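The structure appears below as structure tokens.
2 protein chains.
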Amino acid sequence: MDADALIERVLERSVSTGEGSGAPPLLGQAIRHAVFPGGARVRPKLCAAVAAACGEGRGFEAALGAGAALELMHCASLVHDDLPAFDGADIRRGKPSVHTAFGEPLAVLAGDALIVMAFDTLLRESRDSPDLLAPLMAILIDAVGTPRGIVAGQAWESERTIDLSAYHQAKTGALFVAASMSGAAAAGLDPAPWRALGERLGEAYQVADDLRDVLLDEEELGKPAGQDASHLRPNAVQNFGIAGAIARLKGLIADASDSIPQCAGAPALREIVHGQAARLMPKSLLRNVA
Amino acid sequence: MDADALIERVLERSVSTGEGSGAPPLLGQAIRHAVFPGGARVRPKLCAAVAAACGEGRGFEAALGAGAALELMHCASLVHDDLPAFDGADIRRGKPSVHTAFGEPLAVLAGDALIVMAFDTLLRESRDSPDLLAPLMAILIDAVGTPRGIVAGQAWESERTIDLSAYHQAKTGALFVAASMSGAAAAGLDPAPWRALGERLGEAYQVADDLRDVLLDEEELGKPAGQDASHLRPNAVQNFGIAGAIARLKGLIADASDSIPQCAGAPALREIVHGQAARLMPKSLLRNVA
């Protein structure tokens, strides 16, 4: 079974656990709606790829658990960010957003449950390597909560003056940093040298997202377009222009590749990172630019 | 320093951590508003009392951490339950609710951050006894998420038909069960025999809350009164009448006391449980009944 299928299997195990005996049925359905079918699963894939590259097999299961936990946190943040109090987005991944399909109360609760489920996933999937639980949990907490995680990132939008660097680093970068660091930690390595890879990829992903928000329409995006402009959010295309943003994206991918620490699987991991660049700039995007 | 002061100290440590370098200031203020000044802190006090009674000192720090984690989860649930999509309560503990003071986006995010902070508290406060992390985490997760935790309990209100026993057990009972079981687990004991104590106390607390909702006014409650009737929620006074509900409350306290397993500190713990009964039926409540 390849890593992609293994990631889906861990996510399925987590969501099924939440549907267990005594569960209110609609909450279970709302959670399943938020998690399946998924997006690109880029965070868990990065986590698994780093573990495979530097661990040569060690800690791969814990890395899958940590990656799935990050994906569940990502899904939780999408569900809450789509709420009327934030973006008020009616569609997500080409289907109704959770609050549109299930109502606002269940959307709030599904997000809450997904946060708890992420920790449950970490606990369950590191059962065979209990020493990894505390370090992986510390990385996850740092990426999600306050002062520097995605919740803090989203909260910057409610401040009168925004710290742009803290905003981007927390809102998009944090989960990518956690993905690369968790992969290394699961393999038993010091995660610190792997921070740069996550930071660069997170920034690249943010620039690509800014480009898509400006250049694609709702059908191509699977979510409302032009959201940054309508919510007065900073956007790289505004700052650098389209060509400038594309150049920045390419530079970030190159930096990410260069940052990969020495390890047996470094060449294969560099290939994967460059593969991301192609995925981040799909044909439709380049067609709209041309 | 007594247990009450130690609990406040752990909570202060958690909230301060969330206000650390890089934090968006308003989010930090919203979280502090949700946690201080607190309510009765009944869940962490129960956790500490059980650990003291059965552990004779062992694991007391981890029990304080687990208790504080439960209190942060309780605060998170109050912040989200007060949102306009649920109770739409403007006041809580005699001051503006979080969404009233800080707006809806920061209330959603403060609740999310408090959930993550609870896990961070567990991790930090069990650092000196790492073997306790996984068992305490499992108890916490069970009490909060799906299928049986407080999130699931709240979600029953969105179902077309409500499973009343699952609803009450999850919405109020779960955190009390976790409090008594965490106290025992922190002391290194099998937590299972301590479940009944939490269940009975949780049910007693729910009946007392139902009585207060019917009998007290907003000023005495520190939150809107008559919420159960206006949200068509089940209420023990509706089912049993005032005298019946008070009799039930007394019976539950007696059952809770009787359920305490054999241990060195059992007599002292029974005193504490009976002390709760007095707290749950304050003079103003009895005056209104008389």
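These protein sequence lines are chains A and B, in that order. Residue numbers for the first sequence, in the working numbering: -2 to 287. Residue numbers for the second sequence, in the working numbering: -2 to 287. No residue lacks a Cβ here, since even glycine has one placed at the ideal position from N, Cα and C. Everything numeric in this text was worked out from a predicted model, so none of it was measured.
Following the DSSP letters along the chain, one finds B:I250 inside the alpha helix (DSSP H) bounded by residues 233 to 256. For the 7 Å CB-CB criterion, A:R90 and A:G223 do not form a contact. Identification of chain B residues near A:G170 by a Cβ-Cβ cut-off of 9 Å yields none; the smallest Cβ-Cβ distance measures about 12 Å. Below the 9 Å Cβ cutoff, chain B contributes V113, M114, F116, D117, L120 as neighbours of A:I138, in chain order.
Using a Cβ distance threshold of 7 Å, B:V234 and B:D207 count as a contacting pair. At a cut-off of 7 Å between beta-carbon atoms, A:M134 makes contact with chain B. Taking a contact as a CB-CB distance under 8 Å, the pair B:A167 and B:G150 counts as one, their CB atoms being some 3 Å apart.
Within 9 Å of the CB of A:T97, no CB atom of chain B is found; the nearest one sits about 13 Å away. Around the beta-carbon of A:E154, 16 or more other beta-carbon atoms lie within 10 Å, marking it buried.
If the five residues before and after B:A45 are omitted, its C-beta is found closer than 8 Å to the C-beta atoms of A0, L3, I4, F57, A60, L61, G64, G180, all from its own chain and listed in chain order. Of the residues A:L229, A:D225, A:R276, the one whose Cα lies closest to the Cα of A:L246 is A:R276. The alpha-carbon of B:P93 is positioned some 9 Å away from that of B:F99.
Our two residues, A:I243 and A:A274, have alpha carbons roughly 11 Å apart in a direct line.
Under the 7 Å criterion on CB atoms, B:S155 is classed as interfacial with respect to chain A. Assigned with DSSP and collapsed to three states, A:P22 falls in helix. An exposed status is given to B:D125, since fewer than 16 other beta-carbon atoms sit within 10 Å of its beta-carbon.
For A:G35, the closest alpha carbon among the candidates A:A48, A:A193, A:H71, A:A50 is that of A:H71. B:P144 sits in coil when the DSSP states are folded into three classes, being neither helix nor strand. In the DSSP assignment, B:D207 falls within the unbroken alpha helix (DSSP H) covering 192 to 212. By a beta-carbon distance limit of 8 Å, A:P258 contacts A:W191. Their separation comes to about 7 Å. In the displayed model, B:R38 falls within coil according to three-state DSSP, outside both helix and strand. Within a 10 Å sphere around the beta-carbon of A:D84 sit 16 or more other beta-carbons, which makes this residue buried. Interface annotation, A:L8: not in contact with chain B, CB-CB separation never under 7 Å.
Note that the C-beta distance between B:H77 and B:G52 is not below 7 Å. Contact residues of the segment 23 to 52 of chain A toward chain B are L23, L24, G25, I28 (C-beta to C-beta distance below 8 Å). B:L106 has a beta carbon lying within less than 7 Å of a beta carbon in chain A. Restricting attention to B:L172, B:P188, B:S11, B:S74, the CA atom closest to the CA of B:R40 is found in B:L172. Scanning the segment 94 to 126 of chain B from its first residue to its last, the whole alpha helix (DSSP H) runs of 4-plus residues come out as 95 to 99, 101 to 122.
Leaving aside the five residues that flank B:E16 on each side, the residues in its chain whose CB is nearer than 7 Å to its CB run, in chain order, G25.
Using a Cβ-Cβ distance cut-off of 8 Å, the segment 137 to 146 of chain B and the segment 112 to 122 of chain A are in contact, since at least three pairs of beta carbons, one from each stretch, lie closer than that value. Against chain A, the CB of B:T158 has no partner CB under 7 Å away; the residue lies outside that interface. Annotated three-state conformation of B:R230 is coil, per DSSP. Residues of chain A with a Cβ closer than 7 Å to the Cβ of B:L130 are, in chain order, L130, A131.
Taking 7 Å as the cut-off, the Cβ atoms of B:L8 and B:V47 do not count as close. Neighbours of B:A163 in chain A, taken as residues at a C-beta separation under 8 Å, are given in chain order as G19, P21. In this structure, the beta-carbon distance from B:A152 to A:E101 does not fall below 7 Å.
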